[in-house]
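Data first, discussion second: the structure below is written as structure tokens.
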Amino acid sequence: MHTKLQRSCAAIAVIASFAWHGAGANDQSPGFGSASSATINTESVISSLSAFDRTRPFPVAEKAAYFVNIKDGDRVKSPFRVAFSVTGMGVSPVKAGKIDGTGHHHILIDLPLPADIKQPIPFDKPDEYQKQRYKHFGKGETEAVLDLPAGRHTLRLLFADHNHVPYYIASKEITIEVLPK
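Under mature numbering (1 follows the signal peptide of the UniProt record, and there is no 0), the residues of the sequence shown are numbered -25 to -1, 1 to 156, in order.
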């Protein structure tokens, strides 16, 4: 009886897998490895990313920050959701204080990496919200909604300690195009 049940479950799993992935499973999704000019959907972390792209095959000991749902060359409509992660470190809020091996994310918008590695990452003035170039995620956030003006923008993640001093664990700089509203 168990054998018949196991075979039935296996058959259902195969059918469900085929239905989920469909016949176009080998097609590349717009914005991810294709030359398509389609706009990507940033609403879901996994949206149209493959398992390979989601798991980012970094060496075990490597510390790296990376964007989860967008990549270099993507075209998005603003506002858009951006998700990010880090390997080799833990994420903790600033209020937790100094915890070895942890920190929090920052997004640098249209900026190079800071030249002085001993200085905290600057804060934008509160009344300049629309012109922010340093986005701090001191509560330990791993996603945000960005509302950028139309045009090309560079984004880079920078991971820092509880005092906002960079570890220099950074993502590669990516360039995205924000489409007109």
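By construction, the Cβ of each residue, glycine as well, lies at the ideal position given by its N, Cα and C atoms. If you're wondering where the values come from, they're calculated on a predicted model, not measured in any experiment.
Here DSSP, grouped into helix, strand and coil, assigns residue 46 to coil. For residue 78, the enclosing beta strand (DSSP E) stretches over residues 77 to 84.
Bounds of the beta strand (DSSP E) holding residue 56 are 55 to 62.
Within its own chain, the residues whose Cβ lies closer than 7 Å to the Cβ of residue 135, once the five positions on either side in sequence are excluded, are 78, 79, 81, 96, 141, 142, listed in chain order.
DSSP places residue 90 outside both helix and strand once states are collapsed to three, so it counts as coil. The bridge partners DSSP lists for residue 141 are 135.
The Cβ atoms of residue 145 and residue 130 do not sit closer than 9 Å to each other. In the pairwise beta carbon analysis, the region 60 to 73 is classified as not touching the region 83 to 96: fewer than three pairs are separated by under 8 Å. Contact check for residue 57 and residue 44: beta-carbon distance about 7 Å, within the 8 Å limit, so the pair qualifies.
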